[in-house]
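Student: Heads up: the protein sequence lines correspond to chains G and L, in order. For the record, in the first sequence the residue sitting at position 28 is 41 according to my numbering, with numbers rising by one throughout. For the record, in the second sequence the residue sitting at position 226 is 237 according to my numbering, with numbers rising by one throughout. Positions of the beta carbon are idealized from the N, C-alpha and C atoms, including for glycine. Here it is: the structure, laid out below.
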Amino acid sequence: MRRSGAGRRGPRERGAWRGAGAPAIQTIDRRQFIGLAGLSALGLWTQPPARASSVQAPSARRWAMVVDPKKCLEIDGCTRCLAACHRAHNVPSVADQRHEVKWIWKERFERAFPSEQNVYTEDSLKGKPVPVLCNHCDNPPCVRVCPTGATWKRDDGIVMMDWHRCIGCRYCMSACPYGSRSFNWDDPRRHMAVPPSNDYPTRTKGVVEKCTFCEERLARGLAPACVEACPDGALVFGDLRDPKSRVREILRARHTIRRRPELGTQPVVYYVI
Amino acid sequence: MLLQKALTGTRGYWFWVTALVALVGLGVAAWLAQLQTGLAVTGLSRDVSWGLYIAQFTFLVGVAASAVMVVLPYYLHDCQAFARVTILGEFLAVAAVVACGLFILVDMGQPSRVLNVVLYPSPRSLMFWDMLSLAGYLAMNLAIGWTTLSAERHEVAPPSWTRPLILLSIPWAISIHTVTAFLYAGLPGRSFWMTALLAPRFLASAFAAGPALLILLALLLRRVAAFDIGRAATGRLAVIVAYATVATLFFLLMETFTTFYSGIPEHAQHLRYLFTGLDGHAPFAPWMWTSVVLAFAGLVLLVVPSFAGNDRLLGLAAAAILIALWIDKGLGLIVGGLVPTPFEQIVDYSPTAVEILISTGIWATGALLVTGFFKMVIAVRRETARAL
Chain G
14 MRRSGAGRRG PRERGAWRGA GAPAIQTIDR RQFIGLAGLS ALGLWTQPPA
64 RASSVQAPSA RRWAMVVDPK KCLEIDGCTR CLAACHRAHN VPSVADQRHE
114 VKWIWKERFE RAFPSEQNVY TEDSLKGKPV PVLCNHCDNP PCVRVCPTGA
164 TWKRDDGIVM MDWHRCIGCR YCMSACPYGS RSFNWDDPRR HMAVPPSNDY
214 PTRTKGVVEK CTFCEERLAR GLAPACVEAC PDGALVFGDL RDPKSRVREI
264 LRARHTIRRR PELGTQPVVY YVI
Chain L
12 MLLQKALTGT RGYWFWVTAL VALVGLGVAA WLAQLQTGLA VTGLSRDVSW
62 GLYIAQFTFL VGVAASAVMV VLPYYLHDCQ AFARVTILGE FLAVAAVVAC
112 GLFILVDMGQ PSRVLNVVLY PSPRSLMFWD MLSLAGYLAM NLAIGWTTLS
162 AERHEVAPPS WTRPLILLSI PWAISIHTVT AFLYAGLPGR SFWMTALLAP
212 RFLASAFAAG PALLILLALL LRRVAAFDIG RAATGRLAVI VAYATVATLF
262 FLLMETFTTF YSGIPEHAQH LRYLFTGLDG HAPFAPWMWT SVVLAFAGLV
312 LLVVPSFAGN DRLLGLAAAA ILIALWIDKG LGLIVGGLVP TPFEQIVDYS
362 PTAVEILIST GIWATGALLV TGFFKMVIAV RRETARAL
C-alpha cells in the first residue's frame with residue numbers, strides 16, 4: 014500500500030489528515046455495505062434484531078475540505094492538485110473546451126463566487142484563480158434528481174458516482190448549481206495524455222463523472238490526491254464532525270465562505286477569505 | 012382489422028408515407044453515428060448539456076397534453092362540435108408521447124441502460140414520475156382511441172370501462188405537463204426555470220400549440236382526404252387557441268415584470284440573453300422576437316371578428332402561433348435556462364446537422380403515426396357513413 018506523501022507534512026495535529034500509521038479508516042463502500050446488510054438480514058433469522066444496527070453507523074465522520082485561495086496563489090500558476098487528481102483518476106484531457114472533463118480545476122474568483130461580486134474586490138483575489146471541485150453537499154440536488162440512483166450520498170457525506178449505472182441523462186448536470194459535473198461526450202480513452210493508470214477505472218462514453226473526494230484513497234487510509242499534492246497546505250481535508258480536527262480549527266479561527274450558500278445545498282468545501 | 016385501413020391508400024398517400032419513412036431512415040442513420048461516436052456529434056457542451064432533444068421533448072409533452080382541450084369539452088360538456096375531432100386529438104397525443112420517449116432516448120449517453128430507470132426506481136427524481144405519467148398517458152390514450160374507434164366501426168357503443176378511463180385521462184393530461192415543468196422548476200441555481208409559473212405557462216402554451224396543430228391537421232385533411240371535422244369544430248378550436256395564447260403571453264409578461272422590476276441580475280440575465288443578448292452574444296434574439304411577433308400576429312388573426320370563418324386566415328393564424336410557441340418552448344426554454352452558466356459565462360449552443368437529422372427523424376416518426384391513425388379513423392368514418 015502506498016502511504017508516502019501523507020507523512021510528509023511534518024507534525025500532524027490531531028484530527029488533521031492522518032496518513033501513515035493511522036488506524037484504518039472506518040469508511041465502508043457500497044458493496045461492503047450491501048454485503049453486510051445482506052449478512053445481517055440473514056442474521057435476523059437467528060440473532061436478535063439489534064445486530065442489524067451494527068452496520069447502521071459505518072462512519073461517524075463527515076469529510077470536508079478547506080481551501081485557502083491566497084495560500085494557493087503563493088506559487089504562481091501552480092496546478093499540482095489538478096494534475097495529481099486527474100492523473101490518479103484517469104481524467105481525460107479533452108482539447109475541445111466544450112467537452113472538457115474536470116474533477117478539480119481553477120476558476121476566476123468572480124466566476125466561482127458570482128454572488129460575492131462587490132464592484133471593488135480585494136486586490137489579492139480579484140480575477141485570481143481559485144480551485145473548485147464537487148462541493149459534496151449535505152443536501153445535494155444532483156442526488157435528488159438522479160433517476161437511477163447512480164449518484165448517491167454516503168454516510169460520511171461523499172457524493173458518489175456509479176459509472177456502470179449512469180444512463181447519461183445529464184439531469185444531475187442541470188441540477189448542480191456549481192457546474193461540478195462533467196459528461197463524457199465521446200470515448201475518454203481517446204483523450205488520455207499519458208497511458209491510463211491501472212489503479213483506477215477509466216470511464217466509458219456517455220456517463221457523468223466528478224470528484225469523489227478520493228474515496229478509493231480514503232479507503233486505503235490516504236489523503237485525497239489533490240491535498241497530498243498541494244505544496245503549501247492550501248487544501249486541508251478532514252472530519253467536520255470532530256471538533257478537534259484541523260478543518261474545524263480553521264473554521265473556528267478564520268472567516269470562510271462557501272459557494273452559493275443561499276441555495277441551501279450546504280456545501281462542505283469552505284474557502285478562507 | 013383496423014390496422015389494414017392504414018395500409019391501403021392512394022398514390023399520394025404512399026408518396027407521403029415514403030417521404031416520412033425516408034426521413035425516419037435518415038434519422039436512424041444519424042442516431043447510429045451518434046451512438047458510435049457519442050454525444051460529441053451534437054452541439055451540446057458541459058455547460059449547455061441539454062438542447063434541441065430535450066426542448067423537443069418538452070414541446071411534444073405539451074402537444075400530448077393538449078388532447079384534453081377536445082376530450083374535456085366533448086366528454087364532460089357533451090360538446091357535439093368535437094364529435095369528429097376528439098379521437099383525432101387522442102391519437103395525436105399517442106403519437107406525441109411516442110416521439111417524447113424517442114427524444115429522451117436519443118438524448119441519453121447510455122441508451123442501452125434505459126431500463127435502469129425501472130430497475131432502480133428513484134421516486135425522489137421527477138424523471139421517475141415523468142416516466143410514469145407519460146407511460147400511463149400513452150397507454151390510456153391508445154386504449155381509449157383504439158376501443159372507441161373499433162366500437163364505431165362495429166356501430167356499437169364503446170365498452171363501459173372506457174368512460175372512467177376517459178375521465179381519468181383529463182386530470183392525467185394536466186399532470187404530464189405539470190410534472191414536465193417540475194423537472195425544471197425544482198432545480199436550485201437555474202433561476203430561469205425556478206418559477207412557480209412554469210407549469211401554468213407550460214399548460215397555457217400547450218393548450219394553444221396543440222389545438223393550433225389540430226386545426227392545421229384538420230384543414231389538411233379537408234384538402235387531401237375530403238374529411239371535414241366541421242366548421243363548428245375548427246371555430247371552437249380557434250377560440251381555445253386564442254384564449255390559451257392570451258394566457259401564455261400574459262404569463263410571459265408576468266415573468267418579465269417580476270424579473271426586471273426586482274432587478275436581481277441572476278434572474279434577469281437569462282431573459283436578457285434570450286431577447287437582447289449578453290456580452291455581444293445574441294444568437295436567440297432574432298428567434299425570440301420572431302416568436303413574439305408571430306404570437307401577436309396569430310392572435311390578431313384569431314380575434315378580429317371579420318376574419319372569422321376564413322379558412323386561409325385561420326390556417327395562417329394557427330401556423331403563426333404554432334411556430335411562435337415552438338420557438339418559445341422547443342428552442343429558447345432549455346438553452347435560456349442553462350445560459351449564462353453557474354459561472355456566469357455565456358456559452359453559445361447551436362444544434363449540429365446530426366442533431367437536426369435525428370430530431371427530424373423523430374418528428375417524422377410522430378407524423379407517420381399520426382398519418383396511420385388518422386387514416387384508420389377516416390376509413391372507419393367512411394365505412395359507417397356508407398352503411399347508413
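Grab the span of the alpha helix (DSSP H) containing valine 314 of chain L for me, first residue to last.
Tutor: Here the alpha helix (DSSP H) through valine 314 of chain L covers 296-314.
Student: For chain G, find out if any of its Cβ atoms is closer than 7 Å to the Cβ of glycine 112 of chain L; answer yes or no.
Tutor: No, because no Cβ of chain G sits closer than 7 Å to the Cβ of glycine 112 of chain L.
Student: Would you call the segment 26-37 of chain L in contact with the segment 164-174 of chain G, where contact means no fewer than 3 C-beta pairs closer than 8 Å?
Tutor: The segment 26-37 of chain L vs the segment 164-174 of chain G: no contact.
Student: Mind checking if proline 82 of chain G is an interface residue toward chain L, Cβ cutoff 7 Å exclusive?
Tutor: Cβ-Cβ to chain L under 7 Å: no for proline 82 of chain G.
Student: Please work out which residues of its chain come closer than 8 Å, Cβ to Cβ, to isoleucine 88 of chain G, disregarding the five sequence neighbours upstream and downstream, and give them in chain order.
Tutor: These residues qualify, in order along the chain: Pro244 and Asp245.
Student: Determine the direct distance from the alpha carbon of alanine 101 of chain G to that of glycine 147 of chain L, and round the result to whole angstroms.
Tutor: So the alpha carbons of these two residues sit roughly 46 Å apart.
Student: What is the DSSP secondary structure of methionine 174 of chain G, counted as helix, strand or coil?
Tutor: Strand.
Student: Would the segment 83-97 of chain G count as touching the segment 188-201 of chain G if we require 3 or more Cβ pairs under 8 Å?
Tutor: With the cut-off at 8 Å, the segment 83-97 of chain G and the segment 188-201 of chain G do not touch.
Student: Between which two residues does the alpha helix (DSSP H) carrying tryptophan 287 of chain G extend?
Tutor: With chain G represented from 14 up to 286, any question about residue 287 of chain G goes unanswered, as that position is not in the structure.
Student: Would you check if there are 3 or more beta carbon pairs closer than 8 Å linking the segment 97-104 of chain L to the segment 147-156 of chain L?
Tutor: The segment 97-104 of chain L, when compared against the segment 147-156 of chain L, does touch it at the 8 Å Cβ threshold.
Student: I need the DSSP call for alanine 54 of chain G, collapsed to helix, strand or coil.
Tutor: Residue placement at alanine 54 of chain G cannot be trusted, given a pLDDT of 49 that sits under 50; the coordinates are not used to answer.
Student: Using CA coordinates, which residue listed in G:Cys85, G:Pro190 and G:Glu222 is at the minimum distance from serine 137 of chain G?
Tutor: Comparing Cα positions, the closest option is G:Cys85.
Student: Within 10 angstroms of its Cβ, does lysine 119 of chain G collect 16 or more other Cβ (buried), or is it exposed?
Tutor: It counts as buried.
Student: Helix or strand or just coil, what does DSSP make of proline 169 of chain L?
Tutor: If DSSP states are grouped into helix, strand and coil, proline 169 of chain L belongs with coil.
Student: Assuming contact is defined by CB atoms lying nearer than 7 Å, are glycine 181 of chain G and glycine 38 of chain L in contact in what I supplied?
Tutor: No, the pair does not count as a contact, with Cβ atoms beyond the cut-off.
Student: Among G:Arg216, G:Glu241, G:Pro160 and G:Asp255, which has the Cα closest to the Cα of valine 104 of chain G?
Tutor: Closest option to valine 104 of chain G, Cα to Cα, is G:Arg216.
Student: Would alanine 244 of chain L and alanine 215 of chain L qualify as a contact pair, given that the criterion is a beta-carbon distance under 7 Å?
Tutor: No.
Student: Decide yes or no for the touch test of the segment 227-245 of chain L against the segment 283-291 of chain L: beta carbon pairs closer than 8 Å, at least 3 of them.
Tutor: The segment 227-245 of chain L vs the segment 283-291 of chain L: no contact.
Student: Between proline 276 of chain L and the rest of its own chain, which residues show a CB-CB distance below 8 Å, the 5 nearest in sequence each way excluded?
Tutor: Closer than 8 Å at the Cβ level, and outside the excluded window around proline 276 of chain L, lies no residue.
Student: Going along the chain, which residues of the segment 38-53 of chain L sit with their C-beta nearer than 7 Å to a C-beta in chain G?
Tutor: Answer set for the segment 38-53 of chain L: Thr48, Gly49, Leu50 and Ala51.
Student: Measuring straight from C-alpha to C-alpha, what distance separates proline 134 of chain L and tryptophan 140 of chain L?
Tutor: Approximately 7 Å, taken between the alpha carbons.
Student: Measure from the C-beta of isoleucine 88 of chain G to each C-beta in chain L and report whether the shortest distance is under 7 Å.
Tutor: No, isoleucine 88 of chain G lies away from the interface with chain L (no Cβ there is under 7 Å from its Cβ).
Student: Could you check where the alpha helix (DSSP H) with tryptophan 42 of chain L kicks off and where it finishes?
Tutor: 22-48 is the span of the alpha helix (DSSP H), which, as asked, contains tryptophan 42 of chain L.
Student: So, is the C-beta of glutamine 280 of chain L closer than 7 Å to a C-beta in chain G?
Tutor: So no, glutamine 280 of chain L is outside the interface.
Student: Which of the three DSSP states is assigned to glycine 28 of chain G in this structure?
Tutor: Bear in mind that the predicted position of glycine 28 of chain G carries a pLDDT of just 38, short of 50, making it unreliable; the figure below should be weighed with that in mind. Coil at glycine 28 of chain G, not helix or strand.
Student: Which two residues bound the contiguous alpha helix (DSSP H) that contains aspartate 136 of chain G?
Tutor: Segment: none, aspartate 136 of chain G is in no alpha helix (DSSP H) and carries neither H nor E.
Student: Would you say serine 137 of chain G lies against chain L (beta-carbon separation less than 7 Å)?
Tutor: Serine 137 of chain G does not count as touching chain L.
Student: Note down, in chain order, every chain L residue with its Cβ under 8 Å from the Cβ of glutamate 222 of chain G.
Tutor: Those do not exist, as glutamate 222 of chain G stays about 11 Å from chain L at its closest Cβ, beyond 8 Å.
Student: For chain G, is any of its Cβ atoms less than 7 Å away from the one on valine 128 of chain L?
Tutor: So, interface residue.
Student: Extract the residue ranges of the beta strand (DSSP E) inside the segment 191-272 of chain G, only unbroken runs of 3 or more that lie entirely within it.
Tutor: You should have 248-252.
Student: What distance in whole Å lies between the Cβ atoms of alanine 106 of chain L and valine 381 of chain L, which are believed to be in contact at a cut-off of 8 Å?
Tutor: Yes, valine 381 of chain L and alanine 106 of chain L are in contact; Cβ-Cβ is about 5 Å, under 8 Å.
Student: What's the C-alpha gap between leucine 228 of chain L and tryptophan 172 of chain L?
Tutor: C-alpha separation (whole angstroms): 29 Å.
Student: Do the CB positions of glycine 219 of chain G and glycine 49 of chain L come within less than 7 Å of each other?
Tutor: Taking 7 Å as the Cβ cut-off, glycine 219 of chain G and glycine 49 of chain L qualify as a contacting pair.
Student: Measure the Cβ-Cβ separation of alanine 219 of chain L and leucine 336 of chain L and say whether it is below 7 Å.
Tutor: Against a cut-off of 7 Å, the Cβ pair of leucine 336 of chain L and alanine 219 of chain L comes out as a contact.
Student: Just to confirm the assignment: which complete alpha helix (DSSP H) runs, minimum length 4, are found wholly within the segment 91-171 of chain G?
Tutor: As far as the segment 91-171 of chain G is concerned, its whole alpha helix (DSSP H) runs of at least 4 residues are 93-101, 122-125 and 154-158.
Student: For the alpha helix (DSSP H) containing leucine 374 of chain L, list its first residue and its last residue.
Tutor: Position check: residue 374 of chain L holds tryptophan in this sequence, whereas leucine was assumed. Unbroken alpha helix (DSSP H) run through tryptophan 374 of chain L: 364-398.
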